[in-house]
Every structure is written in structure tokens, then in C-alpha cells.
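Asker: For reference, the structure I am asking about is given below.
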């Protein structure tokens, strides 16, 4: 589905056929490349490794895995078996898609701000990027494939500017990385969220309540929207559409009454916010203790609650408001990081393998400072500069929004 | 970590804020001067803007008037760290690309972009502080240096406190104690009251939650108790549920401070979440986002332990 035979991997200048991976190139001089995970956990990270290892093996290259982002190189003394792992193609057989990533994970790896304790016992953040580049050079590593989230793309871009040959693989369960239609991990998260929403609906039916389920999505509402559509939720709140709770409550109430239902299902993204001037009263009631908060001029501003307070806050707020306005009992439920775990779907397995292989191709073609991106029907290489200052949000003319509206799903506006 | 600023003439310090009418930072009504820079990284820190030793950018999106009406910051940023997405009204910040150059701050009319940290001279600070001298006289208050860690700028702190004494203002400092003794030794001769933190007693737990162990902190406190007998010392613990809200910690702190008669009190500061939103303004992640303030009954129990140790009968928070 994702990579039909003969689909193309394209860079700026040329198109490469996936089928060409099958051509043995054992005569090519051996090259050493490294791979790391620097984007937090998503289902099936090992499949990207598998794709890269197999593709590199076909080229006669050696692949080294760096543990915990770049920590394996910056802090090798922390690892009993060394900070790097040789990744042979024999290892691939033991790599299960559902298993924990063998290289570990680092939700945040920033060689420009490495926290250390100096000789004066003071904690500080120091720039160790030069040291990292020197270590890679000494280890004769000619390119690094980094599986990273949107937030870490900027760091890799900065490293690339300093001379690191890097190819990024986008990973995000929120699918918020720009320049690619699909980030690795999103499809698995979507499948899990959909399955759990089905269960939440049944639980709501049993309890005769409205279930308000919060899913990840700080800046982009793809997960909430697509999962909400998949289960025909009564309402979906996403960050892109500030919600007017009174309107949604009236809408949901009308739907329940018309259908004679006593239960419902509302999906909220954790980054969903109320319309300006419609701040939830619960948030206002929790005004900060005046004790030592005036340092920041904005801290006492009631509208400063645009910052995500904590996981579950939006679900609680919406559930409470909805209960007040509909008279129907509600209960909040938070999926949170659960969607990041588990086994990858078939789509993500294909995507991971394809992305890993495409990243190796990019290094072979001397493409650096790029991200592999799925832009149907092709896998392209896009410059990191085109991806770092953008977020893939749900556009107002999205077909998913149209579908949701057609199904009668309230969208907060 | 003595900043470069303090080596120049006239002597300047990096100040975060001057807050008037404080009642929790020492005796009486006080004016608290918050310093920039800290040598610990406590995960519950409610003043994250005070941590880094240099001025830094913050962004409060709720004040942004939008790129259509304004958008100067986006044009001004040399690193392209300010951007918008699709139909965004307000700008977003790419924090990894920002170099804290401050060019955007200068062109932001509603001050939704601002910088934490400002170099100030001793007289500039004292002139501001002295405005409240009437309150100090009536309440027994004065100036309190806080942070961040005020002892990381020892020359400036010492000059500020000496200047306050010259103007007849009572002095106090709030410190976490993780500085070289030579820094502390330079400032303490000018201090009337020292509020000092005992965050965790176990060195390894201290390292986990605060970034480094507490060996030097305790050593500094011990020296301070002994070498500066005229200072009133007040021990404090920020009470973080599940981290240090156990009686064992309180007992250990009491065992450390009670032999020293110049430690006149031990206060508990219950964890609160007011600083959480500031992490967002600075583009950082608040690691304790799921923590809640301690329960009143838990606090009352700990307070009773302290009151008993100090021979008091009335609960004191």
C-alpha cells in the first residue's frame, strides 16, 4: 500500500527505484555509517533499523548503532557494553518490531546543551557538538541516520551545518512533521487509539455517560481527528479549531436526544484550546498562588493557560464543562503515552523499512542535511531547512474535516 | 560562574526582577531581588527563568497581536527561529534555533517577546529597594536577595548588601548553598538573615532531583553556622510529594540544624504549580507536570514534628 513495487525514492536531482536495492554491490568500498534514535519511543522503531541494516548490507557497508540518541558517544562510560553497538545483518533476524528498541531511546538529545557538573560542582549546560563530531570522525563514521521527532529536527539541522553528514527519519505519533504526509509511528498510534476509543464508547454506553477521551496532539490534531472519524465520535476537539463549548454541548445534546441515547463519545487533543474569551471556569478557579509568581509578567495572565498544564487537563476541563452544560454525566479518560507503545501496524512496518532503506540511499548519493519524506506515491528527500520551521497541522480545507462534518461530528466551531 | 558583568566598572549584576511587598522571604515586609543563574537544576523549580546565567528569551503567545497586524519579529529574526504555520495568527518559536540575540524583543510592541535578565548597578537596585523603606521600618523588613542563586554573583551581592546596610536597610539572602565557600564567605559578613534550603538529605537523591549531590552544600552550611554566629539562619525545605515529604527527611534536617543555636527556625514551602506555565514561555518541558501540591494533613504532620523540635506548641507552616 505504501510502497508498491517499483515506486520511487526521489531526491532533488534523481529518482531511485526501490527494486534497485536488490542489486548486490559488494565491490563498493566499505563505508561506515551510524544510526540512532533521538525522537522518543514510537511503535516499531526497530523496523527502521532493519531497513537501514539490510540496505547497508546490500551495499557492503558497516552499520554502527549509537545508544540513547547521542549519549552513547557523549557518555560511553555509562554503558557496560560500550556506547555503540555493531549492527550486522544477522541481528535483523532477532529484531522484532514489537520489541523495545535495541538502541534505547532519547526523548531529547541535544549535543549543544549537554547537562554536566563542572569542577566547581555547579550544574550547567555545555556545548559538546564539536566533541561529538570529532568522535564520529575518529570512528570513521561517514554518515548518521537519525530517527527523530519534530522537535529534534532542528538539532540535527544545526549539526549538519557544522559538518555532520546526516539523514533524518521522521517519527511522530502526532504526525505533525512537515514535508511528509506520514511520519513513522503515526499509523500504529492511530490504530491503537481507534481500538481504545471503541472500548471507551462501550464503557460509556454501559455507564450511560459521555466519555471524554484525550489523545496526544499538542500542535496538530491528526490523531484526534482521524481516530474520532474512525469511531464516529460525537465531537472532536483539535488544536487547529478553538472550541466553543456551549455550541458543542448543544450539538451533542441534540444528537443524543434525537437518537434516544444516554451515552456519547468526545475525543479531545491535548493541545485543544477554548475560543478566546471562553476560558474554562475551572482553569480560572485554579489561579496560581500569588506567592512568588510575579517574576514572569505573563504568569498571572488567565490566558497563559494556553500552555499544556499536564496530561489529562483538557479531558478533565472539557468533561466538567460538558457535564455542566448538558446535564449528562461525563467521565474523562486519558490515553496519553499508551499510544506510543505496542506493536507496529503493517503500514508502519513498511514505512519503517522503506524509510531506513531510503536513508541509506541518501547517504550513498551523498545527500546530507535531508529528511526522508513520504509524498505519495514517492519517498523523497527534503532538505531539513524545509522541515524544521514548519508543523504539519490540519488545514481548514482538509478532507478529513469535510468527512467529519459530513458525519455530523461536532468540531468545536 | 562569576559573570563577566561583575568584573566591569561600574559593578553590575544580572538581575531578573525586583519584587516588592514580599512576606515570605524573611522577617517583615521585604523587597526581593531575584538574581539570574543557578547551580542546581531542581525539577520542581518554580522560577525556570532564573536558571541560566545569561539573559534569555521568553514568549507569551497570549499577548501576541498577530503577524497580520505586526509580524516584525518574524522579519527581524536572523536565525529564522520565529515562524507561523498555515493560517496561524500568532507566531511560534523554534527554541533550538533561537540564539537569544534579543532582536525580536526590541521590535515587539505588545511585549509578548521579552528577555529575562537585566544588568543593573548596585545603586540602581538600591534606589528601587529604598522606595519601600517605610514598610521596612514598620514591619522589621528589608531587602532579600534570591534567585536563581544570588551567591553566584558574590561581588555584586556583597556590594548590594553592604550598600543596603549603609542605607539602614535590613538584609537577607535566600540560597541553596551550592557555591564555592569563597563566594559564600564574601557575602555573609553583610547578611542579617540567611534562608537556606535543605532540599534532600540523601546525596544520591539530591543528585537525581537537583542535578548534583549535596555534600558541598552541607559543608558550606556547617561552616556558615560556625563562622557567622550573629546571622539568623532559617532552614527551609520545599515539600515535594513523593520526593521529600517524609518525616525521615525532616528528622535528618532537624538533626543537622538543631545543634546550632543560631538556626532559629525551619520552614516548609509546599510545592505549588504556579511556575509550570513559565516553562512553556521558555520553550522547555516541565518534568513534574503530573505532580500535585502536598495534602494539608501531610503538611500539618510535618509541621508538628518541627514545632516539637523547636519547643513550640502552635503549628507553623
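Chains as they are written, first to last, in this note's numbering: chain A, 1 to 413; chain B, 1001 to 1317.
Note that CB positions come from ideal geometry on N, CA and C, so glycine has one too.
Could you compute how far the alpha carbon of residue 104 of chain A sits from the alpha carbon of residue 78 of chain A?
Answerer: Numbered from 1 along the first chain, position 104 holds the residue referred to as residue 104 of chain A. Numbered from 1 along the first chain, position 78 holds the residue referred to as residue 78 of chain A. Whole-angstrom Cα-Cα distance: 13 Å.
Asker: In angstroms, rounded to a whole number, what distance separates the CA positions of residue 1103 of chain B and residue 1072 of chain B?
Answerer: Residue 1103 of chain B sits at position 103 when you count from the first residue of the second chain. Residue 1072 of chain B sits at position 72 when you count from the first residue of the second chain. Rounded to whole angstroms, residue 1103 of chain B to residue 1072 of chain B spans 10 Å at the Cα level.
Asker: Between the Cα of residue 1222 of chain B and the Cα atoms of B:1168, B:1038, B:1233, which residue gives the shortest distance?
Answerer: Position 222 of the second chain, counting from 1, holds the residue named residue 1222 of chain B. The shortest C-alpha separation from residue 1222 of chain B is found at B:1233.
Asker: List the residues of chain B that residue 311 of chain A touches, going by C-beta distances under 9 Å, in chain order.
Answerer: Locating residue 311 of chain A in the first chain gives position 311, where the first residue counts as 1. Chain B residues near residue 311 of chain A: 1289, 1290.
Asker: Can you tell me which residues form a DSSP beta bridge with residue 1012 of chain B?
Answerer: As a working mapping, residue 1012 of chain B is identified with position 12 in the second chain. Paired residue(s): B:1121.
Asker: Specify the secondary structure class of residue 75 of chain A as computed by DSSP and reduced to three states.
Answerer: Counted from its first residue, the first chain places residue 75 of chain A at position 75. Looking at residue 75 of chain A - three-state DSSP - the assignment turns out to be coil, as it is neither helix nor strand.
Asker: Nearest by alpha-carbon distance to residue 1038 of chain B: which of B:1026, B:1175, B:1113, B:1123 is it?
Answerer: Numbered from its first residue, the second chain carries residue 1038 of chain B at position 38. Nearest of B:1026, B:1175, B:1113, B:1123 to residue 1038 of chain B, Cα basis: B:1175.
Asker: Note down, in chain order, all residues in the stretch 1201 to 1217 of chain B with a beta-carbon under 7 Å from any beta-carbon belonging to chain E.
Answerer: Although the question refers to chain E, the structure presented lacks it and instead comprises the protein chains A and B.
Asker: Would you say residue 1041 of chain B reaches chain A, if we count a Cβ-Cβ gap shorter than 7 Å as a contact?
Answerer: Indexing the second chain from 1 puts residue 1041 of chain B at position 41. Yes, contact with chain A.
Asker: Can the beta-carbon of residue 1228 of chain B be found closer than 7 Å to that of residue 1188 of chain B?
Answerer: The count along the second chain starts at 1 and reaches residue 1228 of chain B at position 228. The count along the second chain starts at 1 and reaches residue 1188 of chain B at position 188. Contact: yes.
Asker: Would you tell me roughly how many angstroms separate the C-alpha atoms of residue 52 of chain A and residue 356 of chain A, rounded to the nearest one?
Answerer: As a first step, residue 52 of chain A is located in the first chain; it is residue number 52 there, counting from the start. As a first step, residue 356 of chain A is located in the first chain; it is residue number 356 there, counting from the start. If you take the alpha carbons of residue 52 of chain A and residue 356 of chain A, they lie about 4 Å apart.
Asker: Between which residues of its own chain and residue 1125 of chain B is the CB-CB distance below 8 Å, once the five residues before and five after are set aside?
Answerer: Locating residue 1125 of chain B in the second chain gives position 125, counting from the first residue. For residue 1125 of chain B, where only same-chain residues beyond five positions count, the Cβ hits under 8 Å are 1013, 1015, 1018, 1033, 1160.
Asker: Say whether the stretch 246 to 263 of chain A touches the stretch 204 to 224 of chain A, bearing in mind that this needs 3 or more beta-carbon pairs closer than 8 Å, one atom from each stretch.
Answerer: Short answer: they touch.
Asker: Which whole runs of the alpha helix (DSSP H) in the stretch 178 to 238 of chain A are 4 residues long or more, in chain order?
Answerer: If we require 4 residues or more, the alpha helix (DSSP H) runs fully inside the stretch 178 to 238 of chain A come out as 186 to 207, 222 to 230.
Asker: Once the 5 residues before and after residue 307 of chain A are set aside, which same chain residues still bring their CB inside 7 Å of it?
Answerer: As a working note, residue 307 of chain A is residue 307 in the first chain. Here residue 307 of chain A scores only 45 on pLDDT, less than 50, and its place in the model is too uncertain to base an answer on.
Asker: Against chain B, with Cβ distances strictly below 7 Å, would residue 120 of chain A count as a contact?
Answerer: Counting from 1 along the first chain, the entry for residue 120 of chain A is found at position 120. Closer than 7 Å to some Cβ of chain B, the Cβ of residue 120 of chain A qualifies, so yes.
Asker: Find the residues of chain A that neighbour residue 1180 of chain B, judging by a C-beta separation of less than 7 Å, and give them in chain order.
Answerer: Your numbering for residue 1180 of chain B matches position 180 in the second chain. The contacting residues are 120.
Asker: Considering residue 57 of chain A, what are the terminal residues of the alpha helix (DSSP H) in which it resides?
Answerer: Along the first chain, one-based indexing puts residue 57 of chain A at 57. Residue 57 of chain A -> alpha helix (DSSP H) spans 45 to 58.
Asker: Within 8 Å, do at least three Cβ pairs link the stretch 170 to 184 of chain A to the stretch 339 to 358 of chain A?
Answerer: As far as the Cβ criterion goes, the stretch 339 to 358 of chain A touches the stretch 170 to 184 of chain A, which means the pair count is three or higher.
Asker: Does any residue of chain B have a CB that is nearer than 7 Å to the CB of residue 155 of chain A?
Answerer: The residue given as residue 155 of chain A occupies position 155 in the first chain. Interface residue, yes.
Asker: What are the boundary residues of the alpha helix (DSSP H) that residue 155 of chain A is part of?
Answerer: Looking up residue 155 of chain A in the first chain gives position 155. Here the alpha helix (DSSP H) through residue 155 of chain A covers 150 to 161.
Asker: From the DSSP output, in three-state form, read off residue 1247 of chain B for me.
Answerer: Indexing the second chain from 1 puts residue 1247 of chain B at position 247. Three-state result, residue 1247 of chain B: helix.
Asker: Determine the direct distance from the alpha carbon of residue 117 of chain A to that of residue 49 of chain A, and round the result to whole angstroms.
Answerer: Counted from its first residue, the first chain places residue 49 of chain A at position 49. Counted from its first residue, the first chain places residue 117 of chain A at position 117. Going from the Cα of residue 49 of chain A to the Cα of residue 117 of chain A covers about 33 Å.
Asker: For residue 395 of chain A, go through chain B and note every residue whose CB falls closer than 7 Å to its CB, in chain order.
Answerer: In the first chain, residue 395 of chain A corresponds to position 395, counting from 1. What residue 395 of chain A touches in chain B: 1086.
Asker: Tell me whether residue 1347 of chain B is buried or exposed, calling it buried when 16 or more other Cβ atoms sit within 10 Å of its Cβ.
Answerer: The structure shown does not extend to residue 1347 of chain B, since chain B is modelled only from 1001 through 1317, so no value can be given for it.
Asker: Have a look at A:168, A:257, A:221 and flag the residue whose alpha-carbon is nearest the alpha-carbon of residue 190 of chain A.
Answerer: For the purposes of this step, residue 190 of chain A is taken as the residue at position 190 of the first chain. When only C-alpha atoms are compared, the closest one is A:221.
Asker: Let me know if residue 1042 of chain B comes out buried or exposed under the rule of 16 or more other beta-carbons within 10 Å of its beta-carbon.
Answerer: Locating residue 1042 of chain B in the second chain gives position 42, where the first residue counts as 1. That one is buried.
Asker: Between the stretch 363 to 375 of chain A and the stretch 227 to 242 of chain A, are three or more C-beta pairs nearer than 8 Å?
Answerer: With the cut-off at 8 Å, the stretch 363 to 375 of chain A and the stretch 227 to 242 of chain A do not touch.
Asker: Taking the alpha-carbon of residue 269 of chain A as reference, which of A:113, A:44, A:384, A:412 has the nearest alpha-carbon?
Answerer: Mapped onto the first chain, residue 269 of chain A falls at position 269. Ranking A:113, A:44, A:384, A:412 by Cα distance to residue 269 of chain A puts A:412 first.
Asker: Check whether the Cβ of residue 123 of chain A lies closer than 7 Å to any Cβ atom in chain B.
Answerer: Numbered from 1 along the first chain, position 123 holds the residue referred to as residue 123 of chain A. True, the Cβ-Cβ gap to chain B drops below 7 Å.
Asker: On the DSSP letters alone, give me the boundaries of the alpha helix (DSSP H) that residue 130 of chain A sits inside.
Answerer: As a position in the first chain, residue 130 of chain A is number 130, starting the count at 1. From DSSP, the alpha helix (DSSP H) with residue 130 of chain A extends over 129 to 138.
Asker: Which value, in whole angstroms, describes the spacing of the CA atoms of residue 414 of chain A and residue 192 of chain A?
Answerer: The requested residue 414 of chain A does not occur in the structure, where chain A is confined to residues 1 to 413.
Asker: Could you check how far apart the C-beta atoms of residue 1231 of chain B and residue 1191 of chain B are, in whole angstroms? I think they sit under 8 Å.
Answerer: Here residue 1231 of chain B is taken as the residue at index 231 of the second chain, counted from 1. Here residue 1191 of chain B is taken as the residue at index 191 of the second chain, counted from 1. Indeed, because the Cβ distance is near 6 Å, the residues count as touching under 8 Å.
Asker: Shortest alpha-carbon distance to residue 120 of chain A belongs to which of B:1300, B:1237, B:1212?
Answerer: Counted from its first residue, the first chain places residue 120 of chain A at position 120. Selected option, being the one with the closest Cα: B:1212.
Asker: If you reduce the DSSP assignment to three classes, tell me which class residue 25 of chain A lands in.
Answerer: The residue given as residue 25 of chain A occupies position 25 in the first chain. With a pLDDT of only 45 at residue 25 of chain A, under the threshold of 50, the placement of this residue in the model should not be trusted; the figure read from the coordinates follows. Coil at residue 25 of chain A, not helix or strand.
Asker: Can you tell me whether DSSP reads residue 258 of chain A as helix, strand or coil?
Answerer: On the first chain, position 258 is the one that residue 258 of chain A refers to. In this structure, residue 258 of chain A counts as helix in the three-state DSSP scheme.
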